[in-house]
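Here the numbering used here is used: position 145 in the sequence shown is 145, and no number is missing along the way.
We put the CB at the ideal spot given by N, CA and C, even for glycine.
These numbers come from a predicted model, not from an experiment.
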Amino acid sequence: MRYLLHESDHPISTDYYYECRKTTNDHFPRVLAHTHDYYEIYIYLSGSVMLFIEDRIYKVKRGDIIVIPPYTIHQLLPTSEEQLNDEYDRTYMYITPACLSSFHFNEHSLLEPFELAKENKRYHFNIADSDDFERIFQCFMGIYQNSKIDFYGKEMLNRAHILEAVTLLNKHILLDMKPRKATHVNPFIDKVLSYINEHYKEDLSLEQLAGHFYLNKFTLAKLFKEQTDRTVHNYIILKRISMAKQKITEGVLPSAVYQDVGFRDYSTFYRAFLKMEKISPKEFARFCSDKKDN
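Take a look at the structure:
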């Protein structure tokens, strides 16, 4: 296991890695749908935004915390074109399953509630207790401020912040496991996204989806791009590559994984992986293997 300090080190789920950031934009920042190899714990502070996670869209408000699992497609969306110039403020933590697993006390595990939420497709939690929300926020800010300086006991203090913040968050996750209402910007596209996420291993295309949903392919392409800011083809590839990365980190060979995630041949998989990840599937597998050996 490697111990990493920065996202630029390209951490994967088996690395010990965490990092907190505080970001403010004077306007809406456009970012394409993407995934991470680790959890993102997102604390909304201000602005007019929605979060698109897999096939659901959530309006966020003060007190909301979003937990995005590894390899889960997500994207920030504006609530309206009129609010693109609103200031947007948030803080967030990146943390790997390996790091969360390092906190285990008898029957208590920081990772297990996250895994339960993932199994139930629960990403959005409102921390109604303002004191708990403030304590979680201050823990994030403590780790963020500590990243700027070095001092004795920094790692232990950061671990204390992680333990407090995630324990409080897990308390609310377990209390609030009922499904959170999602915002249906376009219920039809929600169904298309759900279909892709469930059938990505199959032979999918714009034409096949249009036929399945009895819709003109040009209309489908337009509606899909308006909601996700991606083409249907790009979203399918993103989903397949995300799942391929997850399987490779679990030990599946690249020569076998391409068939498991819906690619017809290795060369097509290779080109798509290289284009998206900037390294080849075999290099990524070797990268994962080297990290596990360290």
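Residue i (DSSP reduced to helix, strand or coil)
i: P69; result: coil
i: I95; result: strand
i: M50; result: strand
i: P29; result: coil
i: P78; result: strand
i: E19; result: strand
i: D9; result: helix
First through last residue of the beta strand (DSSP E) which encompasses residue i
i: S46; result: 39 to 46
i: V60; result: Taken as a continuous stretch (DSSP letters only), V60 belongs to no beta strand (DSSP E), as it is neither H nor E.
Span of the alpha helix (DSSP H) around residue i
i: L220; result: 217 to 228
i: P187; result: 187 to 199
i: G262; result: Careful: G262 lies outside any alpha helix (DSSP H) and carries neither H nor E.
i: Q246; result: 232 to 249
i: P113; result: 111 to 119
i: L206; result: 206 to 212
Neighbour-count burial assignment, residue i, 16 or more Cβ in a 10 Å radius
i: E198; result: exposed
i: H6; result: exposed
i: I66; result: buried
i: F128; result: Per the sequence shown, the amino acid found at residue 128 is Ala instead of Phe. It is exposed - the Cβ of A128 has fewer than 16 other Cβ atoms within 10 Å.
i: A285; result: buried
i: R271; result: exposed
i: M93; result: buried
i: D37; result: buried
i: Q145; result: exposed
i: I149; result: exposed
i: N25; result: exposed
i: Y152; result: exposed
Chain C contact for residue i (CB, 8 Å cutoff)
i: I241; result: Absent here is chain C; the protein component of the structure consists of one chain.
Neighbourhood of residue i by C-beta distance below 7 Å, restricted to the same chain and skipping five residues each side
i: L175; result: none
i: Q73; result: The identity of residue 73 in the sequence shown is Ile, whereas the question assumes Gln. If we look at I73 and ignore the five residues flanking it on each side, its Cβ neighbours are A33, T35, E54, L238, K239, S242.
i: H104; result: none
i: A303; result: This structure gives no information on residue 303, because the portion of the chain shown stretches from 1 to 294.
i: H124; result: Y58, D64, I66, R180
i: K217; result: L206, E207, A210
i: R30; result: none
i: C139; result: H161, E164, A165
Residues near residue i in its chain [Cβ-Cβ closer than 6 Å; skip 5 each side]
i: D64; result: Y44, N126
i: S46; result: D89
i: L220; result: A210
i: K171; result: none
i: Y258; result: Y266, F269
i: D132; result: L168
i: A244; result: V257, V261
Residues of its chain near residue i, where Cβ-Cβ distance is below 8 Å and the 5 sequence neighbours each way are ignored
i: T79; result: S48, V49, M50, K59
i: T252; result: Contrary to the premise, residue 252 reads as Val rather than Thr in this sequence. Excluding residues within five positions, the ones whose Cβ falls inside 8 Å are D260.
### Query
In chain order, which alpha helix (DSSP H) runs of at least 4 residues are fully inside the stretch 266 to 291?
Fully enclosed alpha helix (DSSP H) runs of 4 or longer: 266 to 277.
### Message
Could you tell me which whole alpha helix (DSSP H) segments of length 4 or greater appear in the stretch 125 to 181?
### Response
DSSP runs (the alpha helix (DSSP H)) wholly in the stretch 125 to 181: 130 to 146, 154 to 175.
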